[in-house]
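So for the sequence shown, our numbering puts the first residue at 46; every next one is plus one.
Everything below concerns the one structure shown next.
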Amino acid sequence: PGAAWLKGLERPRPAGSLLPQRRAHMASAAANNGASSPAAVSYDVPAELPDATQLLEAARRMAGLPDASERAEAFATVFKLVDAVLAAPEDVKKRRLRKANEAFHRRAGRHAAAVDFLRAAGFLDADDTEPRDAPGASGNNALLLMHVAYISRLTDAHHTLACVATEAGLPAPALPGGAFNPFRTGAQRTDAVAGPAAPHTWRTEADRLRGEVRERERELRESVDAAPAVRPQPTAFWLSAGRKLEDVIAETAGQPPDDPDADNALLCRLASVKAAGSGVNGKFESADKRRLAELSRAHVHRSCVLRVICPDKSVLQLHFRAADTGEQVTFQVDELLAPHVRKARWYLYQSPPMRRLADRQTLADAGMTPGANVYLGFEADRPGPPFLAHSLASMLGPPPMEARPAVGTGSVPPASKDRGEGMALGGGGSSSSTTNGGGRSTRRAATLPSSSSCSASGRFLALPLPRVAEALADSAAEVVVLGLVCRGCRERFWEDASSRRILSPRAALRAHTAPEYQMRLSPGSLRYLSADDAPSAAAVGSPLIRELVASACSLIRLRLCLRNHRLQDRWKGMLDQLALALTDAQRPPPLEVLELQGRAFPPAGGAALGDSIGACSRTLREVSVAFIETSGSEVVEDERLWAGLQQVEELEALHLAGLRTSSATCSGLSRVFLRSAKKLRCLGLGGLTSAALLTSPSVAEADAAAAAAQLPQVSPEFQELLEAAAPLRLRALALCGLEAPMVVGQAVGFAPGSAALGALLEAAAQHAGSLTALDISYNGACAVAPLPPGGPAPSGHGALVSLLESCGPLTSLDLTHSHVHLTRAPSLLAVHGSTLLELRLPGSVVDVNMGPRGDRALKEFCAALATCDQLRVLDFGDLALMPAMRRPALALLQRCAPTLRVLKGVFPQALLDSGLSSLFTTGTCREGGARQLAELGIYLDGRPQKSLVQIFRANVGSLRHITLQASLGDAVGAALVQALQEAALVELNLAGCGLGSNAIRYLEGAIARVGNRPNGGSASRAWHLERLLLPGNRLEGEALPLLEALRGQRRLRELQLRACGLPAAAGAYLGRLAMVLPALTTLDVRDNWALGAAGARGLLEAALQEWGRAGSFIGRAAGPSALPGHMDLRGCGAGQSGADEEAPARPALPRNLGRFELWWEDAT
């Protein structure tokens, strides 16, 4: 009675409550064992049921049923049973199931997995007390009864079954609704737009306005994109001395002066805008209508005047198209900045607010039209001035504050104390101040003073003469008196009238530079000295290094280059003079860059080079010693070389190539790395130097191990080198010409240095994450070399691919003749496509495997190749000749044509026309094809058309080097040469192009523009050829005026006229030409049988006559200080005596003619 009384006091729970129901229902149902009882629904976690993981296990067993129809039927039946309970959990009939039911047994009951799933969902075995007619229909465990419907478990059962059904490819119904289910995720959508429909006329008007806005925007955009090319017209000035930007814009656009009516209209428009903002004007206007009104009044600016303001208040002004992107602007500005500024990470921005110029954003979209001021910013530490290139910095003059004298005085401020200015030239400013009678100061522009006024006041000129002279002269070493100095103050700039000094911070001595110009250079003003096959540097006893370098107190960069094969024996003397000049100088110059280039490094020159490096160890930053690899067996004495490099305190770049260093290379480089671990950013090891890394003092042990059939091991010296290189953070890496040395007699197996090769490539891969430039060219032997087990890959090719895949975004990648299979790493270029600027792929391999679905690797490589849309240098090799690569090559050329500067490779004619031509109709290349090509080295497959001429004409302003091999013919050749007449060519190679008489006449006219006199004047866009190669073209009689026109090409180094059908009369022209040109070192006239003995006699006689004439240029070309050269006259018939056997024998042919070595038929 007490329990019943307490039970009656229980408060009934509200219907639909989220709280768990009374567990008494479950207890009562269990006691009755199947009798009808109140329906129990619970939202609690089921503690009495099996673990929920059994749902997934049972469902997967169901999915594993062998018969597909039975599997689908079982899933559908279980879905129906579970969803029925979820839809109506209070319905007892949905939760009661007889096992003996024929339909249930046929569809799911006969599968143990389905029954186990139902039990895990909440169905329990129960007895059926009601009598049944069918046998087994009643009795123990005849029912599946769900005493309590756990909503959470049923929801999990539905989701688990749906996931497994989806994986098995079976349909899965949605979770049923109806009953309240807090575990069901749902969303309710409200119709917020339901309401009265807008009138049809209003919608038509809105659509019309929207279409007009789009059409007007498209017209404006097309007008901007169709604007013609704009000349940059770079100018430089100080910020306080420049004109207003508005005046420059008006002058550029040709706008009329200010119009009062236009000003009044603008004020009225401003008043209407203010009224609309304040709510006075209540007229409603849609956004499309306002936008259309703004576009109708918009003025299209097709050009832009951009001013780049540097931190030192110097301004660079340029003109661009409004459609030019930020990337193109950055590229143009980068060419006009100082070298040390270009190395820094700089960017352009506007302020306020701070907004960077994005690469893909046009100037019009950035709001910089018709003109804008941008600032030069830096990511890291800001470099020091000057920020502009030397040619532009020469326009600036001294800063206005330094150049302004005191008011009321006639004094001139002191001269600039910048390093490298030398004598106090240009101490005065570009403007001066005077005081009139009223005491007011007025400024006037500086003018060239007269002789009397200059001698009376003793002032210097206001103009910075060294910069002006360098800008006006062809070479800094050829500067002569330009007439800018009056007689009264000449003594102040030069020592006396007979020995006048050239005050220039730069001196570039080349093969055509007269040695007497070197004597006129002032060492006190030199900062950059370069000697490239210069007679003043190559001559025995030349004072170039002994006097010039020793007395140069401000020399920053020194470059010595000797490529002439007959001058390589003079390297030892030059290096000894350099070491003596730097070590014995009272004040060593602050040398930062030392660069040596040649063909063969002297074995005994390592000590002198090491002493030179050690003398400048405090200031030296970059060391580059690059020589052509030779097969000589002499080893360089490099002990003092490594000792000198170890003394350098802040070495940032080291490049060694072509030196056969000793076995101490590993230990020497280890010491250098330990000293420069924090500063070294660029490392280049090529040729014999890199091969020496794989040979250590333990090579005898390695040979013994190989003889004992043991695997090669890494030597302790090489392991020490790898540990020393571990802390390096390189930005540029070059490993060229790697090859593991083989043991004598070894044909198969692992080379002794193969273990070191694998370890070297593995260490390079560890440093690849920070690289921006990678050069692994000429590693074909490394690619096929097998590597021992435990290395980064089974072969050198796999190690190279691993190195490439480890790199981050690169800007330069060189794979020349490394035999890398590009399709084996298809994602290689996808990482670098957006940042790559230089790509060289000659000698690379592309595997093509044709199949029913195509080659997936090839497709991925082609897709990655299409991402390289910012290339400046592209060497494609012969990949474009493959049929599978023609379309990707075309897409690549079209994408990167606007930015290309160098293009090399073998291309079909149609591909080159479509890839570089500006005649596009599809809009693939908005900038109009290639416009900035400076070097072309292409071999055409097929007969060229005149469309090729359009490509050359479009790049005539930038082309310098041309190598073209194709069957041009006379008509196309003549049109091509005519198109190139305005180009400033340095190299022209038209070998085997089939040029005819018309093409040769145009070529003669283009060359003759310089003038055929020794001191001939030069046109503004004249050719200054250094190499002219015309072998295989039938010149015949047209060669005579061509050879006469070449007399004015004083810079010509190499002339090839092999198999050109030269007549006998050409011999005299060749002889005079050899004596006149001071830089000529190679003259190849082989296989010209028409020359014969008469032509050889005319060559010798004309050369001797020209040699005997007076003239400075002839003396330079044939004197003792001239460069040695050779004439190849083999196959010209000069040694044949004719058909008459009784004719007297000809005298022996001479072997030398002045500085030239003559090669005849019997020459080796």
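A virtual CB, placed ideally from N, CA and C, is assigned to each residue, including glycine.
When DSSP labels each residue in this structure, what does residue i get in the three-state scheme?
| i | result |
| --- | --- |
| residue 706 | coil |
| residue 977 | coil |
| residue 949 | strand |
| residue 688 | helix |
| residue 868 | helix |
| residue 1008 | strand |
| residue 106 | helix |
| residue 558 | coil |
| residue 831 | strand |
| residue 731 | strand |
| residue 907 | helix |
| residue 619 | helix |
| residue 375 | helix |
| residue 542 | Low local confidence applies: a pLDDT of 40 at residue 542 is under 50, so the model's placement there is unreliable, with the coordinate-based value given in what follows. Coil. |
| residue 954 | helix |
| residue 1172 | strand |
| residue 170 | strand |
List the whole-angstrom C-beta distance separating residue i from residue j, where the pair is believed to meet the contact cut-off of C-beta under 8 Å.
| i | j | result |
| --- | --- | --- |
| residue 169 | residue 192 | 6 Å |
| residue 35 | residue 803 | Because residue 35 is not part of the residues shown, which for the chain are 46 to 1209, the question remains open. |
| residue 726 | residue 777 | 7 Å |
| residue 1084 | residue 1105 | 6 Å |
| residue 655 | residue 686 | 4 Å |
| residue 865 | residue 842 | 7 Å |
| residue 141 | residue 188 | 6 Å |
| residue 428 | residue 367 | About 31 Å; that fails the 8 Å criterion. |
| residue 1040 | residue 1078 | 4 Å |
| residue 728 | residue 693 | Residue 728 to residue 693, Cβ: 14 Å. No contact. |
| residue 929 | residue 873 | Incorrect: roughly 17 Å between the Cβ atoms, too far for contact. |
Using a Cβ-Cβ cut-off of 8 Å (strictly less than) and excluding sequence neighbours within five positions of residue i, which residues of its own chain qualify?
| i | result |
| --- | --- |
| residue 154 | 144, 146 and 160 |
| residue 123 | 107, 153, 159, 162, 163 and 206 |
| residue 814 | 851, 852 and 853 |
Would you mind reading off the limits of the alpha helix (DSSP H) that contains residue i?
| i | result |
| --- | --- |
| residue 933 | 931 to 941 |
| residue 1023 | 1014 to 1024 |
| residue 122 | 113 to 132 |
| residue 1112 | 1111 to 1121 |
Taking residue i as the reference, give the member of the options with the closest Cα.
| i | options | result |
| --- | --- | --- |
| residue 651 | 428, 884, 662 and 680 | 680 |
| residue 166 | 175, 92 and 116 | 92 |
| residue 577 | 1117, 1193, 1096 and 550 | 1096 |
| residue 630 | 615, 637 and 598 | 598 |
| residue 1010 | 1029, 1034, 993 and 267 | 1034 |
| residue 822 | 959, 847 and 783 | 783 |
| residue 1026 | 397, 613 and 1045 | 1045 |
| residue 989 | 111, 956 and 701 | 956 |
| residue 826 | 904, 99, 798 and 273 | 798 |
| residue 1093 | 333, 1124 and 186 | 1124 |
| residue 712 | 766, 660 and 699 | 766 |
| residue 619 | 633, 579 and 637 | 579 |
Taking 6 Å as the limit between beta carbons, can you name the residues of its chain near residue i, skipping five residues before and five after?
| i | result |
| --- | --- |
| residue 911 | 936 |
| residue 512 | Note on residue 512: pLDDT 42, under 50, position unreliable in the model; the coordinate value appears next. The residues are 439. |
| residue 800 | 757, 758, 759 and 833 |
| residue 1143 | 1112 and 1113 |
| residue 544 | Low per-residue confidence applies at residue 544: pLDDT is 47, beneath 50, and the placement is therefore not dependable, though the value from the model is reported in the following sentence. No residues qualify anywhere along the chain. |
Would you give the residue range spanned by the beta strand (DSSP E) that residue i belongs to?
| i | result |
| --- | --- |
| residue 195 | 193 to 195 |
| residue 576 | 573 to 577 |
| residue 1193 | Premise fails: residue 1193 is in no beta strand (DSSP E) and is neither H nor E. |
| residue 416 | 416 to 423 |
Apart from the five residues just before and just after residue i, which ones in its own chain have a Cβ nearer than 7 Å to its Cβ?
| i | result |
| --- | --- |
| residue 1160 | Only weak support is given to the placement of residue 1160: the predicted model assigns it a pLDDT of 47, under 50, and the question is left unresolved by the model. |
| residue 1135 | 1106, 1107, 1108 and 1109 |
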